[in-house]
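To keep things clear, I will list the structure first and then write my remarks on it.
There are 2 protein chains.
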Amino acid sequence: MPEYRKDPVVKRWVIIATERAKRPHDFTVPKDKNKSGFCPFDYGNEHTTPPEVLAFRPEDTEPNTPGWWVRVVPNKFPAVDPELEIQKYGHGMYDAMTGFGYHEVIIETPDHNSTFALLDDKQATEVVWAYVKRFNAIAKDQRIKYILIFRNHGIMGGASLSHPHSQIIAIPSVPKRVLEELNGAKDYFDYKERCVFCDMISQETIENKRIVEENEAFIAFAPYASRFPFEVWIVPKVHSHNFGSIDENEISEFAKILRNILYRIYKVLDNPPYNFVIHTSPTYEEGKIYYHWHVEIMPRLTRVAGFEWGSGFYINPVPPEDAAKYLKEVEL
Amino acid sequence: MPEYRKDPVVKRWVIIATERAKRPHDFTVPKDKNKSGFCPFDYGNEHTTPPEVLAFRPEDTEPNTPGWWVRVVPNKFPAVDPELEIQKYGHGMYDAMTGFGYHEVIIETPDHNSTFALLDDKQATEVVWAYVKRFNAIAKDQRIKYILIFRNHGIMGGASLSHPHSQIIAIPSVPKRVLEELNGAKDYFDYKERCVFCDMISQETIENKRIVEENEAFIAFAPYASRFPFEVWIVPKVHSHNFGSIDENEISEFAKILRNILYRIYKVLDNPPYNFVIHTSPTYEEGKIYYHWHVEIMPRLTRVAGFEWGSGFYINPVPPEDAAKYLKEVEL
């Protein structure tokens, strides 16, 4: 049974994921799960995953059979479990909570060897539709406080299966990193009476040195204080705190710019590992005026090591102005 | 010239390290710096590093020649620069600061193929003496607010050279991660009138399920809310906020328990990559009653991926109680 545990000093939550429990030996033998050639996300292997919770498929096909073009299933080895009751308890001086939550996988295409960067407009848009539909479905569960959509690409990016997929983890508390953003954005709003992300868009537009691409609804830029080489953020141009309220036109604009940025990274850095996360407000009505949803794309080119872990500072050897220049030059 | 830049939302500082500036190509070709066989930290290559700032060597040897058993030099590709003036400046809405600071390398032994886990008592103690001497020397510079001593081991741990070494980075502000610990420890003290780390020692001792080793002056345990599999913290038993005030007896006890824990990890996990950091109070007199210096050792067995970056939550598949059991069983 997974368990949340809280660090008593910095109040950081950790999920002790017993479903994924490992012995020392599991870390010392090289993993090559995909070398066997079997992939649970391929056509014909639908029965090897938990039953689908959403699929875009022809009307004349049965659930959990081939034919789908996007498919969402619960994670077979979930970090958290939607069947658990939420219970908080103490353990001496320490705080813990049952590991309630949702952990789902969005299989982005039946094509095992593709990747988000290489999807066409239509397919990328369908993937984003799956994000939005699952986001809004899970948001109806009042016990859930935060829904995180993210993508790990490449072994170094933490992807244990190479078949193109994203993930959703939904949890009953607001995570620390998001709280920091909410608090920071609120401080800024209290001082300036403006949204800090809206101000960033304005600053980036005036300078035009870190913008990589923009379209009608979104802007993508290398942030001024990029933690990682070639980090890129995608931000909606019109203020909006909630990813779930994105409309049909925005969905297709968002899918395009996200795919384009991933393609630029793919070309400039030769298909590097990366992570992206969608940061949005908590599912309750927080942050409406001061928070602004966005995507943070983080190529995994440098190793986060002792200094970064110890300090929370990052050392980045690529000025974001240079990164933007290289990424902009890519022909789409 | 390196530059500190501040994220306008979460106020996280980043060092844009132009001394280490890289082009996209540098990330796409495999690095095998050490494959050439040349190591700047070996005997006879002392002239290839910046001149030593401290060395333990026989009295009849010249500086920057062989004979030393521990040697400290400025980093040849420093993230920060001690020659810069501190200047804060704005860049539109953004905040920046010149990249002032110290970045030094502690070469732990002349033996290229050794590692901290395999040092004998005497050599491990000498390394800790070098930590303490450099810590206290740098602390005299009033412009420095924080000194971080850390060690990266293995390529996956971020070590770009395999010759055994630790690093020191000293900066003119208190890093975010440390501030969080200071604030958390202060909150706890305000509520309980006790040090949270002292309480953890008491809790761990009562339970005795996560302790890996202890000696006269130190205790090592797998923390209750371990972020990483086989994470271990080493904490002085007597309350002390400042690493720099460690005494001669404590230095040798600390060296032994640190080496022993690293040896246990080396044996159980077959010489895995890891990072460790020494967390101490800022160099000014903060945290005296409520903060408690300690070491955090983090084996790098799982990949920190989208979920962790996006949330600040960690998923750990090894309960710390299990990790402690495996580590305890190792024969020293």
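Sequence order for the protein chains is A and B.
What the first sequence shows, in the numbering used here, is residues 29 to 360, in sequence order.
What the second sequence shows, in the numbering used here, is residues 29 to 360, in sequence order.
Don't be surprised by glycine CBs; every beta carbon is placed ideally from N, CA and C.
Note that the structure is predicted; figures quoted are calculated from it, not measured.
Q. Excluding the five sequence neighbours on either side, which residues of its own chain have a C-beta within less than 8 Å of the C-beta of A:Arg255, listed in chain order?
A. Same-chain partners within the cutoff: Met326, Tyr342, Asn344.
Q.
Quick check: what's the CA-CA separation for A:Val323 versus A:Ile262?
A. Here the C-alpha atom of A:Val323 lies approximately 5 Å from the C-alpha atom of A:Ile262.
Q | Among A:Gln195, A:Leu112, A:Tyr130, A:His53, the one whose alpha carbon lies nearest that of A:Val98 | A | Answer by Cα proximity: A:Gln195.
Q: Within its chain, find whatever has a CB closer than 7 Å to the CB of B:Glu281; leave out the 5 residues flanking it on each side and keep chain order.
A: Result list for B:Glu281: Asn243, Glu244, Ala245, Phe246, in chain order.
Q | Touch test, the region 307-323 of chain B against the region 212-219 of chain B, Cβ-Cβ under 8 Å, three pairs minimum | A | Judged by Cβ distances under 8 Å, the region 307-323 of chain B makes contact with the region 212-219 of chain B, as three or more pairs qualify.
Q | C-beta atoms of A:Pro30 and B:Ser339 nearer than 8 Å | A | For A:Pro30 and B:Ser339, no; Cβs fall outside 8 Å.
Q: Would you please verify whether the beta carbon of A:Gln170 is less than 8 Å from any beta carbon of chain B?
A: Under the Cβ criterion of 8 Å, A:Gln170 is not counted among the residues facing chain B.
Q.
Counting only C-beta atoms, is B:Leu146 closer than 8 Å to chain A at any point?
A. Answer no: the Cβ-Cβ gap between B:Leu146 and chain A never drops below 8 Å.
Q. For the alpha helix (DSSP H) that contains A:Asp215, what are its first and last residues?
A. From DSSP, the alpha helix (DSSP H) with A:Asp215 extends over 204-220.
Q | First through last residue of the alpha helix (DSSP H) which encompasses A:Tyr291 | A | DSSP places A:Tyr291 inside the alpha helix (DSSP H), whose first and last residues are 276-296.
Q.
Can you find the residues in the same chain that come closer than 6 Å, C-beta to C-beta, to B:Asn164, ignoring five residues on each side of it along the sequence?
A. If we look at B:Asn164 and ignore the five residues flanking it on each side, its Cβ neighbours are Gly272.
Q: Answer yes or no: do A:Val305 and A:Phe178 have a C-beta to C-beta separation smaller than 8 Å?
A: Yes.
Q) B:Gln231 CB to nearest chain A CB: under 8 Å? A) Residue contact check for B:Gln231 against chain A: a CB pair falls below 8 Å.
Q | Where B:Lys50 meets chain A, residues with beta-carbon distance less than 8 Å | A | By Cβ distance, chain A contributes Pro257, Pro345, Val346.
Q: Answer yes or no: do A:Pro86 and A:Gly95 have a C-beta to C-beta separation smaller than 8 Å?
A: The answer is yes: Cβ separation under 8 Å.
Q | Any C-beta of chain A under 8 Å from that of B:Ala253 | A | Judged by the 8 Å Cβ criterion, B:Ala253 is in contact with chain A.
Q. Do you know how far the Cα of A:Gly186 is from the Cα of A:Asp24?
A. The question about residue 24 of chain A has no answer here: the residues shown for chain A are numbered 29 through 360.
Q: Please classify A:Asn303: is it buried, with 16 or more other beta-carbons within 10 angstroms of its beta-carbon, or exposed?
A: So A:Asn303 counts as buried.
Q: Give the DSSP bridge partners of A:Lys34, in chain order.
A: DSSP lists A:Trp41, A:Asp123 as partners of A:Lys34.
Q: In angstroms with no decimal places, state the Cα-to-Cα distance between B:Phe128 and B:Lys34.
A: Distance between the alpha carbons of B:Phe128 and B:Lys34 is about 15 Å.
Q. Is A:Asp109 helix, strand or coil when you go by DSSP?
A. The answer is strand: DSSP assigns A:Asp109 an E or B state.
Q.
Judging by CA-CA distance, which residue of A:Pro36, A:Asp275, A:Lys50, A:Val133 is the nearest neighbour of B:Asp350?
A. Selected option, being the one with the closest Cα: A:Lys50.
(Q) If you reduce the DSSP assignment to three classes, tell me which class A:Pro192 lands in. (A) Coil, per DSSP.
Q.
Using 8 Å as the threshold, is the C-beta distance between B:Ala352 and B:Lys237 below it?
A. In contact: B:Ala352 and B:Lys237 (Cβ atoms closer than 8 Å).
Q: Could you tell me whether the Cβ of A:Lys353 comes closer than 8 Å to any Cβ of chain B?
A: Chain B contact via Cβ: absent.
Q: Starting from the C-beta of A:Thr143, find all residues in its chain whose C-beta is less than 7 Å away, skip the five residues before and the five after it, and write them out in chain order.
A: Close CB contacts of A:Thr143 within its chain, under the 7 Å cut and outside five residues either way in sequence, are with His181, Pro192 (chain order).
Q. Less than 8 Å separating the beta-carbons of A:Glu154 and A:Phe84?
A. Contact flag set, yes.
Q: Could you tell me which chain A residues have their CB closer than 9 Å to the CB of B:His307, listed as they occur along the chain?
A: Residues of chain A passing the Cβ test: Gly338.
Q) By a C-beta neighbour count over all protein chains shown, 10 Å radius and 16 as the cutoff for buried, is A:Arg171 buried or exposed? A) With fewer than 16 Cβ atoms within 10 Å of its Cβ, A:Arg171 is classed as exposed.
(Q) If we define contact as Cβ-Cβ less than 8 Å, is B:Lys204 a contact residue for chain A? (A) With its beta carbon less than 8 Å from one in chain A, B:Lys204 belongs to the interface.
Q: Assign A:Ile234 to buried or exposed, taking buried as 16 or more other Cβ atoms, counted over all protein chains shown, within 10 Å of its Cβ.
A: Exposed.
Q | Neighbouring residues, chain A, relative to B:Pro200 (Cβ below 8 Å) | A | At a beta-carbon threshold of 8 Å, none of the residues of chain A lie near B:Pro200; the nearest stands roughly 12 Å away.
Q.
Check this for me: beta carbons of B:Ile274 and B:Glu241, under 8 Å apart or not?
A. No, Cβ-Cβ distance for B:Ile274 and B:Glu241 is not below 8 Å.
Q) For A:Asn180, which residues does DSSP report across the bridge? A) According to DSSP, A:Asn180 bridges with A:Asn303.
**Q.** Start and end residues, alpha helix (DSSP H) containing A:Trp337
**A.** That run of the alpha helix (DSSP H) goes 334-339.
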